[in-house]
Structures are given as structure tokens and as C-alpha cells.
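Numbering (the working numbering), first residue to last: 71 to 353. In this text, a Cβ means the ideal position worked out from N, Cα and C, and glycines have one as well. In what follows, a single structure is set out as C-alpha cells and then discussed.
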């Protein structure tokens with residue numbers, strides 16, 4: 071496994087691989103890798119001849135009052151996981167390498183970024199889209215792997231690739247969950263044992279929502295009320311920032327539940343703010 075810290079090194083290795091006819095997979099991460107990340111890495115290793123994992127805590131996607139300085143980091147453990155999983159290249163650049171000057175160019179994906187996370191964190195998705203654009207330009211033609219836990223982010227990246235004609239095939243991968251159903255996230259490290267147990271209500275409420283939809287409920291407000299009631303009865307879990315029932319592709323809120331649907335929520339469990347979602351198809 072090659073550990074590189076510069077854009078030029080990463081490009082040279084991937085360009086050489088492609089000249090040899092080898093396929094490339096890219097797994098962008100902010101590090102502190104867990105089983106969810108490993109599932110993306112293993113999918114890429116299975117699909118491609120060469121996999122590059124990027125480890126970069128991107129300052130552009132953090133607001134001033136968010137946890138950039140304290141975001142969990144453990145590069146040694148990350149490198150060990152990557153080596154065990156068969157990664158070919160790890161790119162772990164410094165902030166200066168990625169942004170040698172204060173960036174004045176940003177990428178924004180309108181409409182898809184306007185609500186849910188975009189409403190709560192107005193600068194977040196511009197930061198995500200900008201850094202992912204840079205990583206796609208560094209990696210070149212490839213398959214890129216993202217988890218469905220950050221479903222809005224996945225939809226935004228897919229649309230960005232379509233609109234800007236990146237030579238990238240975006241592959242969405244299923245949410246990996248802890249034994250109690252909590253979606254795996256690096257921020258789960260902040261949870262106390264009691265908070266981790268309480269956080270299970272997020273997935274439990276989503277699964278209950280799917281059941282009532284499958285039983286015939288088509289009113290999104292009724293489904294939202296069910297989710298809010300279940301979460302509201304759970305100590306240590308705040309009232310959700312949002313619970314949205316949206317079209318799975320456009321992310322537009324639905325007046326009537328039909329087609330491919332995503333139920334997406336965000337809530338604080340203690341201090342950490344956790345995201346979760348679930349899909350359901352309605353004929």
C-alpha cells in the first residue's frame with residue numbers, strides 16, 4: 071500500500087495504473103474509519119484493480135460553531151484498516167496541499183442543497199461539493215463509493231457528476247449499522263453508552279414508518295407524526311431538526327407518498343447530531 075500526501079503523487083500512481091489498463095476505485099473519507107467505511111472500501115477493492123482511499127478532514131464543510139478542531143482522528147488505525155482491506159493507495163493530504171490559497175471557487179448544487187441538512191447547515195454542501203470535485207479531478211476516471219447514510223449528500227454528488235460531466239461512476243452503498251440499529255458514523259464516538267442505546271430509536275422509528283406505509287398510509291404528515299412521537303418519547307434524544315418524506319431522486323417533499331421514497335431525519339442524541347434514513351417503494 072502506498073501512502074501519499076500530495077496531489078501529484080496520487081495522480082501519478084493512478085495515471086500509471088490506467089495506462090496499464092487497470093480500473094480505479096475511489097473512497098473519499100474524513101478518516102476515523104469504522105466498519106461502514108470498510109464496507110465501502112471492500113466494495114471498491116472487489117470492483118476495481120486499484121483502490122485509493124482519501125483521508126482528509128475538510129474544513130470547508132464545517133461551520134464556525136461545529137466540531138472541526140475536535141473531529142475524531144486516528145491516522146495509524148485508518149492506515150491499518152486500509153492495509154487489511156487491500157487498499158492500493160491512501161492519499162492523506164494536509165489542508166495546505168488541498169487549499170494552498172484560501173479558496174474563492176466553490177461548487178454549489180442548487181435545489182438539492184436547499185432543505186434538510188442544507189437548511190440547518192447553509193455552507194455545508196458547498197464545502198462537500200467543492201472538496202469532492204477536487205478529489206474527482208485528482209483521481210480522474212474512476213468509480214467512487216459513498217454510503218447511503220448521508221443520503222442527501224449522495225444525491226447531490228450524483229447530480230454534480232451529471233451536471234459537470236465528471237468521468238466518475240458514483241456507487242451508493244447500503245448503510246452499515248451497529249447491533250442495535252444505529253447507523254455507523256465517526257461521530258458515534260461521542261456517544262455515551264446510554265446515548266448509544268437511546269439512539270436506536272432513530273432507526274426504530276424509521277422502520278415503523280415503513281411498516282405503516284406498506285400497510286397503506288399515503289399521508290406524509292401522518293408518517294412524520296409517527297416518527298416524531300416515537301422519538302419524542304425517548305430520553306436523551308432531542309426533537310429532530312427535521313423528518314422529511316421525499317422523492318428518492320429529486321429529494322422533493324411529497325404531498326402523497328408514492329414511487330421510490332426516502333424518509334430522512336436528523337436529531338441530536340446528547341451532543342452528537344446523528345443522521346439516518348430508510349427507503350421504501352410504493353407502487
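So, under 8 Å CB-CB, residue 354 and residue 321 are touching, yes? Tell me the CB distance rounded to an integer number of Å. No statement about residue 354 is possible, as the shown extent of the chain runs from 71 to 353 and does not include it.
The alpha helix (DSSP H) that contains residue 207, what's its start and end? Here residue 207 corresponds to residue number 137 of the chain shown, with the count starting at 1. Run containing residue 207: 194-209, per the alpha helix (DSSP H) assignment.
What is the rounded straight-line gap between the Cα of residue 158 and the Cα of residue 295? Your numbering for residue 158 matches position 88 in the chain shown. Your numbering for residue 295 matches position 225 in the chain shown. The straight-line gap from Cα to Cα measures roughly 47 Å.
Do you know whose CA, among 76, 307, 84 and 182, lies nearest residue 270's CA? Counted from its first residue, the chain shown places residue 270 at position 200. That would be 307, whose Cα lies nearest to the Cα of residue 270.
Segments assigned alpha helix (DSSP H), at least 4 residues, entirely inside the stretch 112-190: 145-155, 165-168 and 187-190
Give the list of continuous alpha helix (DSSP H) stretches no shorter than 4 residues that lie fully inside the stretch 275-311. 290-302
One question on the structure: do residue 142 and residue 274 come within less than 9 Å of each other, judged by their Cβ atoms? Position 72 of the chain shown holds residue 142. Position 204 of the chain shown holds residue 274. Not a contact, by the Cβ cut-off of 9 Å.
Run of the beta strand (DSSP E) containing residue 351, from where it starts to where it stops: Taking the chain shown and counting its residues from 1, one reaches residue 351 at position 281. Element bounds for residue 351: 343-352.
Output the residue ranges of the beta strand (DSSP E) runs that lie fully inside the stretch 218-282 and measure 3 residues or longer, sorted by chain position. 238-243
When the Cα of residue 80 is compared with those of 219, 314, 207 and 240, which residue comes out closest? Reading the chain shown from its first residue, position 10 is the one you call residue 80. Out of 219, 314, 207 and 240, 207 has the C-alpha closest to the C-alpha of residue 80.
Per DSSP, residue 110 forms a beta bridge with which residues? To locate residue 110, count along the chain shown from 1; it is residue 40. DSSP, once it has assigned bridges, lists no residue as partnering residue 110.
When DSSP labels each residue in this structure, what does residue 330 get in the three-state scheme? Position 260 of the chain shown, counting from 1, holds the residue named residue 330. Residue 330: strand per DSSP, three-state reduction.
Straight-line CA distance for residue 104 to residue 250? The residue labelled residue 104 in the question sits at position 34 within the chain shown. The residue labelled residue 250 in the question sits at position 180 within the chain shown. Each residue's Cα considered, the two are about 16 Å apart.
Length of the line joining the Cα atoms of residue 425 and residue 239: This structure gives no information on residue 425, because the portion of the chain shown stretches from 71 to 353.
Helix, strand or coil, according to DSSP, for residue 325 in the structure here? Here residue 325 is taken as the residue at index 255 of the chain shown, counted from 1. DSSP places residue 325 in coil when its eight states are reduced to three.
What whole-angstrom Cβ distance do residue 339 and residue 232 have, given they're in contact under 8 Å? Along the chain shown, one-based indexing puts residue 339 at 269. Along the chain shown, one-based indexing puts residue 232 at 162. 35 Å between Cβ atoms; not a contact.
What residue does the alpha helix (DSSP H) around residue 84 start on, and which one ends it? In the chain shown, the residue the question calls residue 84 occupies position 14. First-last of the alpha helix (DSSP H) with residue 84: 77-89.
Would residue 316 and residue 186 be called neighbours here (beta carbons separated by less than 9 Å)? If you number the chain shown from 1, residue 316 lands on position 246. If you number the chain shown from 1, residue 186 lands on position 116. Cβ distance < 9 Å, so residue 316 and residue 186 count as in contact.
Using C-beta distances below 7 Å, list every residue in its chain close to residue 248, excluding the 5 sequence neighbours before and after it, in chain order. Here the question's residue 248 lines up with position 178 in the chain shown. So the qualifying residues of the chain are 254.
Are residue 290 and residue 234 touching if we call contact CB-CB under 9 Å? Your numbering for residue 290 matches position 220 in the chain shown. Your numbering for residue 234 matches position 164 in the chain shown. No; because the gap between Cβ atoms is not below 9 Å, this pair is not in contact.
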